[in-house]
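Since the structure comes first, as structure tokens, the remarks are kept for the end.
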Amino acid sequence: MLPSPSSSPQHGPLHTRTNLPPKQPTRQTSLKALLLTPPDERKPKRQSLLTAFGPQKRIKLELTSQDLDSAESETDSSEYEDSDDECEMRVDPPAPAHPMRNLSKLLNKPGGPLNPRQYRPSSEQLLRSFVSSHKSDVYKCPSTREDRYLAPPYACAYSNGSKYGDQSLLAVADEEGTVNIFNTTKRQDWEQAPQHQSLQIHNNGVFQVKWNHDDTSLATCSGDQSVRITDISTSKITHVLRGQSSTAKCISWDPSHTQLLTSGNRDGSICLWDLRAGTPHGDEGLDVLKPSQVILDAHLPPQCKPKRGRKAKHASAAPGVTSLLYPEGHPYTLISAGTADGILKSWDLRFLHPSPDDRSPTKAKSKSKSKPKNVAMPLLSSPIDPTGLVSRRPRGILSLAAGHGPTAGLIFALGADSHVHTYSLPTLQPYINSSITHDSLRGDSFYLSLSMSSCGRWLATGSTSQNGTALLFDVEKAPFGNLTSPVVLSAQVGEVGAVDWSRDSLATCADDGTVRVWRPDIDARRQCVDDPEESKWNWACAS
Numbered sequence: 002m003l004p005s006p007s008s009s010p011q012h013g014p015l016h017t018r019t020n021l022p023p024k025q026p027t028r029q030t031s032l033k034a035l036l037l038t039p040p041d042e043r044k045p046k047r048q049s050l051l052t053a054f055g056p057q058k059r060i061k062l063e064l065t066s067q068d069l070d071s072a073e074s075e076t077d078s079s080e081y082e083d084s085d086d087e088c089e090m091r092v093d094p095p096a097p098a099h100p101m102r103n104l105s106k107l108l109n110k111p112g113g114p115l116n117p118r119q120y121r122p123s124s125e126q127l128l129r130s131f132v133s134s135h136k137s138d139v140y141k142c143p144s145t146r147e148d149r150y151l152a153p154p155y156a157c158a159y160s161n162g163s164k165y166g167d168q169s170l171l172a173v174a175d176e177e178g179t180v181n182i183f184n185t186t187k188r189q190d191w192e193q194a195p196q197h198q199s200l201q202i203h204n205n206g207v208f209q210v211k212w213n214h215d216d217t218s219l220a221t222c223s224g225d226q227s228v229r230i231t232d233i234s235t236s237k238i239t240h241v242l243r244g245q246s247s248t249a250k251c252i253s254w255d256p257s258h259t260q261l262l263t264s265g266n267r268d269g270s271i272c273l274w275d276l277r278a279g280t281p282h283g284d285e286g287l288d289v290l291k292p293s294q295v296i297l298d299a300h301l302p303p304q305c306k307p308k309r310g311r312k313a314k315h316a317s318a319a320p321g322v323t324s325l326l327y328p329e330g331h332p333y334t335l336i337s338a339g340t341a342d343g344i345l346k347s348w349d350l351r352f353l354h355p356s357p358d359d360r361s362p363t364k365a366k367s368k369s370k371s372k373p374k375n376v377a378m379p380l381l382s383s384p385i386d387p388t389g390l391v392s393r394r395p396r397g398i399l400s401l402a403a404g405h406g407p408t409a410g411l412i413f414a415l416g417a418d419s420h421v422h423t424y425s426l427p428t429l430q431p432y433i434n435s436s437i438t439h440d441s442l443r444g445d446s447f448y449l450s451l452s453m454s455s456c457g458r459w460l461a462t463g464s465t466s467q468n469g470t471a472l473l474f475d476v477e478k479a480p481f482g483n484l485t486s487p488v489v490l491s492a493q494v495g496e497v498g499a500v501d502w503s504r505d506s507l508a509t510c511a512d513d514g515t516v517r518v519w520r521p522d523i524d525a526r527r528q529c530v531d532d533p534e535e536s537k538w539n540w541a542c543a544s
């Protein structure tokens, strides 16, 4: 019979096993299996706890309290025990993976980085929460004629301060040459609207209105073949810009200088204006200006230009200029679009050189006494016309909008082919197979406009459908991401032409002479969904 041990081994306290399955015994293993080298006769190092934070960490071991007690009792016979003794190992569970670990792997995979914007949630539900109150969000453009009550608005523009959260001032230009400035700040139902300012600037329709940098003046272009600058505080016209031979269709302020602006005309020319070069004229003391520089036939296709020394028979009118913009981050550069096709052109305003044909000595010595036209050459042009890829023939561009924030480096163009096309800056290369369209989007009118929100994620456009429709697109993932279906705003009658964003609202103008302001309101949206019959008397909701 074997003798009993001198001391009983210490055991841990018993666990209550009532209604609990028995626990698996702790797995015992030999230290020899874990050691990579043979046992060493030297003094062993102190063992540590085994951890599992990663595959590249060193393996650490820990002796149990039972083994430590037995080792202390036998210090007289042997100070150290052989490394082949049995000890208990405890492996900690692996640390949880970081939530962005998989995204980091995707961004750094060998195939190239992915677009982080693809992982952001869509804002479609936020766009669907846009509502317009029938009692406080409707504004009207009064007519100066006796045969009608309202005048159809042609253009609208929020002030620069409105886009940064200041007082919401909206300038609306109509068919009769009047510009009305409304304060569209949110108010209670049936609350009296603030007094609006009315400016009679032109005697013909105003096709575009723009605020200057500090919101003290308005620039307007009209069918009376002039561009005018009006002081807001005094309601007086300070400058009259004349030089075009037809209707002025679009204008744009130069962001690098407060006294410079450009205008695009129906005759195909682009005029550059310097307000410092004006001379007083007449008893009223108005400054009448002539353009500092003129770009003739800005969007005339090359095949339509007559050859040198010949006159074109039955020459058609040059394509008009429909939209101008100064791209962000590209000073002295002007982007233009025309009615002929979807080709965008980039102009360096410092080097508006004439074409080689106009500078040739042969043409200068020709018998004709008329001066050659100073036809400038664009810096860049779009290599491909995207409108010709979705329709039978090339179509013109109605309006341009520059992206910023998440869409910086992109230009969105509303085409007469009822598509919104995307271009890259500064190459003006269109993205093929990335056009945006919808059944409710009809772009067969040159009165439609395009507007980008202050956050750079949402794009608004009008439509010529007779049910008063405007559309909102989430373009944050453009042009490579999967775009969500557009949000339709329908609450007016007739064509919705002009649209513009403030910081937290959208204004739409329709042929019925009304201007509606749309705002995101989750509670009102919920009412429209829960009780549509009752809420239709109070709200117009997005769909």
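Oh and the sequence shown: position 190 is 191 in this note's numbering, straight run, nothing missing. Just so you know, even glycine gets a beta-carbon here, dropped at the ideal spot from N, CA and C.
1) For the alpha helix (DSSP H) containing L451, list its first residue and its last residue.
2) Beta-carbon within less than 6 Å of N205's beta-carbon, same chain only, minus the 5 sequence neighbours each way: which residues are those?
3) Which runs of the beta strand (DSSP E), 3 residues or longer, sit entirely within the segment 402-473?
4) How about P320 and L301: do their beta carbons lie closer than 8 Å?
5) Quick check on V494: does DSSP put it in helix, strand or coil?
6) Name the one or two DSSP bridge partners that H240 has.
7) Answer with buried or exposed for P153, where buried requires no fewer than 16 other C-beta atoms within 10 angstroms of its C-beta.
8) Please confirm if the segment 422-432 is in contact with the segment 441-457, defined as three or more CB-CB distances below 8 Å between the two stretches.
9) What does L261 pair with, by DSSP beta-bridge criteria?
10) Bridge partners for G339 per DSSP, in chain order?
11) Return the chain-ordered ranges of every beta strand (DSSP E) run that is complete within the segment 120-190 and spans a minimum of 3 residues.
12) So, does the segment 191-198 touch the segment 522-540, judging by three or more C-beta pairs under 8 Å?
13) Compute the Euclidean distance between the alpha carbons of S470 and W519, then round it to the nearest angstrom.
14) So, are the CB atoms of T323 and A299 less than 8 Å apart?
15) Given that a residue counts as buried once 16 or more other Cβ atoms are within 10 Å of its Cβ, and exposed if not, what is A174?
16) For L151 versus C142, is the C-beta distance shorter than 8 Å?
17) Near S446, which residues of its chain fall below 6 Å by C-beta distance, leaving aside the five closest residues on each side in sequence?
18) How would you label H203, buried or exposed, when you count the other beta carbons within 10 angstroms and need 16 or more for buried?
19) Is the separation between the beta-carbon of A479 and that of R517 shorter than 8 Å?
20) Taking all protein chains shown into account, do 16 or more other C-beta atoms lie within 10 angstroms of the C-beta of E176, making it buried, or fewer, making it exposed?
21) Just the Cα atoms here: how many angstroms apart are Y165 and L484?
22) Who are the near neighbours of T428 in its chain, counting only those whose CB is closer than 6 Å to its CB and skipping five residues on each side?
23) Would you identify the three-state DSSP class for A543, choosing helix, strand or coil?
24) For a test of the three-state rule: what should DSSP assign to D531, helix, strand or coil?
25) How many whole angstroms separate the CB atoms of I412 and L426, which I take to be in contact at a CB cut-off of 8 Å?
26) Taking T388 as part of the alpha helix (DSSP H), name the residues at either end of that continuous run.
27) Since I207 contacts A156 with CB under 8 Å, what's their CB separation in whole angstroms?
28) Hey, S130 and I385 are a contact pair by Cβ (cut 8 Å); roughly how many whole angstroms apart?
29) Please classify K136 as buried or exposed, where buried requires at least 16 other C-beta atoms within 10 Å of its C-beta.
30) Out of G343, S227 and W502, state which residue places its alpha-carbon closest to the alpha-carbon of G397.
31) Does the beta-carbon distance from L287 to V241 come in below 8 Å?
32) Which residues in the same chain as K187 place their Cβ atom closer than 7 Å to its Cβ, once the five residues preceding and following it in sequence are excluded?
33) In angstroms, rounded to a whole number, what distance separates the CA positions of L449 and L399?
34) Between which two residues does the beta strand (DSSP E) harbouring S199 extend?
35) Are the CB atoms of F183 and L171 within a distance shorter than 8 Å?
36) Identify whether A249 lies in helix, strand or coil by the three-state DSSP scheme.
A quick look at the data gives this:
1) Note, L451: premise wrong, no alpha helix (DSSP H); beta strand (DSSP E) at L451 to M453.
2) G178, S223, G224 and D225
3) 411-416, 421-425, 451-453 and 459-462
4) yes
5) coil
6) I230 and D288
7) buried
8) no
9) D275
10) V322
11) 131-134, 139-141, 154-159, 170-175 and 179-184
12) no
13) Looking at the sequence itself, residue 470 is Thr, so the reference to Ser does not match. Near 13 Å, if we compare the C-alpha coordinates of W519 and T470.
14) no
15) buried
16) yes
17) T465
18) buried
19) no
20) buried
21) 27 Å
22) none
23) coil
24) helix
25) 6 Å
26) T388 to V391
27) It should be noted that the sequence gives Val, not Ile, for residue 207. Indeed they touch by this definition, with Cβ atoms about 6 Å apart.
28) Their Cβ separation, rounded to whole angstroms, is 38 Å, which puts S130 and I385 out of contact at 8 Å.
29) exposed
30) G343
31) yes
32) R520
33) 6 Å
34) Q198 to Q201
35) yes
36) strand
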